[in-house]
Amino acid sequence: MRFLFHRRQATRAHLAQALRIRKSAITDLCNRLIADQTLREANPERQRNVLLQLNPDRFVAIGLQHAERGVCGVRVRADLSCEGETFYPLAENLTGAARLDAIADCARRYVRVAASKQQRIGVGFCDIGMVDAVRGYSIRAAAVPGWENLPVRDRLKTATGLPVELLMHTDSLCLAEKTHGAAKAMEAFIFIQVGRRIGLSVFLNGGFLRGNTNFFGELGHTVVAPAGDICKCGNRGCLETVASTDAVVRKVRDHLTPGSPATAALTDGVVTIDTVLTAARQGNKLARLALEEAALAVGNAAAFIINILGIDNLVLGGKLTEAGDLFLDPVRGAVARNCVHPVSENVTVCLGQMGEYGSATGAALAVLQAHFAER
Ligand SMILES: [Zn+2]
107 MRFLFHRRQA TRAHLAQALR IRKSAITDLC NRLIADQTLR EANPERQRNV LLQLNPDRFV
167 AIGLQHAERG VCGVRVRADL SCEGETFYPL AENLTGAARL DAIADCARRY VRVAASKQQR
227 IGVGFCDIGM VDAVRGYSIR AAAVPGWENL PVRDRLKTAT GLPVELLMHT DSLCLAEKTH
287 GAAKAMEAFI FIQVGRRIGL SVFLNGGFLR GNTNFFGELG HTVVAPAGDI CKCGNRGCLE
347 TVASTDAVVR KVRDHLTPGS PATAALTDGV VTIDTVLTAA RQGNKLARLA LEEAALAVGN
407 AAAFIINILG IDNLVLGGKL TEAGDLFLDP VRGAVARNCV HPVSENVTVC LGQMGEYGSA
467 TGAALAVLQA HFAER
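Heads up: the sequence shown begins at 107 in this note's numbering, then just goes up one per residue.
Next comes the structure, spelled out in structure tokens:
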């Protein structure tokens, strides 16, 4: 099953060769698996070279994404098709254990409507902040005060009665980009997500690069400006103080000057990241400069990683990439300037392609991977 999950389709002869078993034995085995709905024939009308695949109606993974305003849900079948996008809003200012209870209730409701009991294989939960994926706990989230040290995985297991994979937002989105998005054809790539937090994932040798601790990818809390602002992590000058959406909004607000044309376009209401992005697209100089400075900082940080790892594909995701070329071009420039030759000649920098449900999709894909890893 693991072989078929990764290869999607194979003939009986191909399976016999890959698994090193006799053709007659593979025929018996496949017939049994077809009879119990585990496998199905992809092209049954053919007499020869009939392709087998995992039955997509039999295996459904549920992906959930914890967002600031609610929970996004999507289901992904064994053929990796995605459907059933649903959003459950959460009450404003809900924090801590009460928020976890509300999320568990959303998970329970979505699991029921997304798939039958026989189809469900597990839940992937992409959390909003730092997680300890080994212990299954939240650590903290800048966007949700009080989201600290909560037993997220066990609570969701109890609510849904299913195995639960707990993932970081960036890893989920990275997996979705690899499967359905910009990184489909890339064997190795660096993924940086730039939103309220700045996260890093590195995809290499068919999986995520990991260290010997439970943590990875805290690019946002690497110090890039030692004399800069104090960060919410307690350190000074982290990348998030320079290049996160909060940093971009703060920079614009701090430089509003009554009477200037750049300010006039931005003061019609409250300055948010959406108004900054809109103003930048319309040519507003202040908004463009704030975005460009954030992009340069991200590009400089990315160049360090590219130089160290020697991976020459960089995919960018997250809120700031909604600025398109206004964000991409300065990142490309900084990467080209700061990567060592000859790596600098070959680096590909591109924007991710996954939409609003990308992280939920990635969380469900992680469930499918885990489910078939041992089968
Ligand atoms: Zn920090």
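All residues carry an ideal CB built from backbone N, CA and C; glycine is no exception.
Only exposed fits Arg-316, as fewer than 16 other CB atoms lie within 10 angstroms of its CB. Short of 7 angstroms from the beta carbon of Ala-349, and not among the five residues preceding or following it, lie these beta carbons of its own chain, in chain order: Val-300, Ile-304, Ala-400, Ala-403 and Val-404. Secondary structure of Gln-224 (DSSP, three-state): coil. With a cut-off of 8 angstroms on Cβ pairs, the region 222-232 is in contact with the region 266-278, counting three or more such pairs. Using a C-beta cut-off of 8 angstroms, the region 451-460 makes contact with the region 417-426, since at least three inter-stretch Cβ pairs fall below that distance. Looking only at Pro-162, His-172 and Leu-121, the smallest Cα-Cα distance to Asn-155 is reached by Leu-121.
Look at Cys-337: its beta carbon is less than 8 angstroms from one of the heavy atoms in ligand 1.
Around the Cβ of Thr-427, a 10 Å sphere holds 16 or more other Cβ atoms; the residue is buried. With contacts defined by Cβ atoms closer than 9 angstroms, Leu-170 and Ala-116 do not form a contacting pair.
Counted as a single uninterrupted DSSP element, the beta strand (DSSP E) harbouring Cys-188 occupies residues 188-195.
Straight through space, the alpha carbons of Ala-221 and Leu-471 are spaced by roughly 15 angstroms.
For Thr-381, the enclosing alpha helix (DSSP H) has its first and last residue at 379-387. Excluding its 5 nearest sequence neighbours in each direction, Cys-232 has C-beta neighbours in its own chain below 6 angstroms: Gln-171, Leu-273, His-275, Ser-278, Ser-465 and Ala-469, listed in chain order. In this structure, Arg-118 sits away from Gln-143, with a CB-CB distance that is not shorter than 9 angstroms. Ligand 1 has a heavy atom closer than 8 angstroms to the beta-carbon of Asn-341. Secondary structure at Ala-349: helix, using DSSP grouped into helix, strand and coil. Judged by DSSP secondary structure, Ile-296 falls within the beta strand (DSSP E) whose first and last residues are 295-300. For Asn-149, the CB contacts under 7 angstroms within the same chain, skipping 5 residues up- and downstream, are Val-156 and Leu-157 in chain order. Just measuring C-alpha positions, the residue of Cys-280, His-286 and Gln-153 sitting nearest Ser-187 is His-286.
In this chain, the beta strand (DSSP E) harbouring Thr-454 covers 454-457. In the DSSP assignment, Ala-167 falls outside any alpha helix (DSSP H) and lies within the beta strand (DSSP E) extending over 166-172.
Leu-306 is positioned such that its CB atom lies closer than 9 angstroms to that of Glu-324. By DSSP's assignment, Val-229 forms a beta bridge with Ile-168 and Val-270. Closer than 8 angstroms to some heavy atom of ligand 1: that does not describe the Cβ of Glu-198. At a Cβ-Cβ threshold of 9 angstroms, Val-180 and Ile-209 do not count as neighbours.
Inclusion of Met-460 and Glu-189 in the CB contact set at 9 angstroms is not warranted, their separation being larger than that value.
Spanning the alpha carbons of Ile-336 and Arg-342 requires a straight line of approximately 4 angstroms.
Distance between Ser-244 and Cys-339, taken at the CA atoms: about 15 angstroms. In the three-state reduction of the DSSP assignment, Asp-360 falls in the helix class, which pools H, G and I.
With a cutoff of 8 angstroms, Gly-242 does not count as near ligand 1, since its C-beta is closer than that to no heavy atom of the ligand.
At the C-beta level, Glu-254 and Gly-202 come within 9 angstroms of one another.
Judged by beta-carbon spacing, Val-308 lies within the 9 angstroms limit of Phe-295, meaning their Cβ atoms are closer than that value.
Ranked by Cα distance from Gly-312, the first of Thr-378, Arg-138, Leu-434 and Ala-479 is Ala-479. By the Cβ neighbour-count rule, Asn-161 is buried, with 16 or more other Cβ atoms within 10 Å of its own. Distance from the C-beta of Glu-254 to the nearest heavy atom of ligand 1 is not below 8 angstroms.
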